[in-house]
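Novice: One structure is given below, represented as structure tokens, and several questions about it will come after.
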Amino acid sequence: MSFASAERLQQYLGVTAGCVSPFGVLNDAEHKVEVILDQKLQGEKCLGVHPNEHDATVWISFSDLQKVLKKIGNSVKILKL
Numbered sequence: 004m005s006f007a008s009a010e011r012l013q014q015y016l017g018v019t020a021g022c023v024s025p026f027g028v029l030n031d032a033e034h035k036v037e038v039i040l041d042q043k044l045q046g047e048k049c050l051g052v053h054p055n056e057h058d059a060t061v062w063i064s065f066s067d068l069q070k071v072l073k074k075i076g077n078s079v080k081i082l083k084l
């Protein structure tokens, strides 16, 4: 597991450093990016997530975030980080 370079962020997610969020996979049409979520977030009812812009926040439950990510089609892993 590693963080991506600025070039890869732009190539795969269409975002710049500082704007990365789970919603970045909306721009990953080939589903090459795997989303890793911390298991400590499971059960949270209100997570603040950037909608691919650093100056806005969307509030979503962990459960709903999982549903959205599943619908998008990228691989999602929940790990102890």
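Numbering (this note's numbering), first residue to last: 4 to 84. Don't be surprised by glycine CBs; every beta carbon is placed ideally from N, CA and C.
The beta strand (DSSP E) that contains residue 40, what's its start and end?
Specialist: Its beta strand (DSSP E) spans residues 38-41.
Novice: Check whether the Cβ atoms of residue 64 and residue 50 sit closer than 8 Å, and answer yes or no.
Specialist: The answer is yes: Cβ separation under 8 Å.
Novice: Would you tell me roughly how many angstroms separate the C-alpha atoms of residue 84 and residue 41, rounded to the nearest one?
Specialist: Looking at the two C-alpha atoms, the distance is approximately 6 Å.
Novice: Counting along the chain, where does the alpha helix (DSSP H) carrying residue 68 start and finish?
Specialist: Residue 68 -> alpha helix (DSSP H) spans 65-75.
Novice: From 80, 5 and 4, pick the residue whose C-alpha is nearest to that of residue 43; which is it?
Specialist: Of the candidates 80, 5 and 4, the one whose C-alpha sits nearest the C-alpha of residue 43 is 80.
Novice: Taking a contact to mean a Cβ-Cβ separation below 8 Å, would you say residue 78 touches residue 37 in this structure?
Specialist: Going by C-beta atoms, residue 78 is nearer than 8 Å to residue 37.
Novice: Please list the terminal residues of the continuous beta strand (DSSP E) segment that includes residue 51.
Specialist: 50-52 is the span of the beta strand (DSSP E), which, as asked, contains residue 51.
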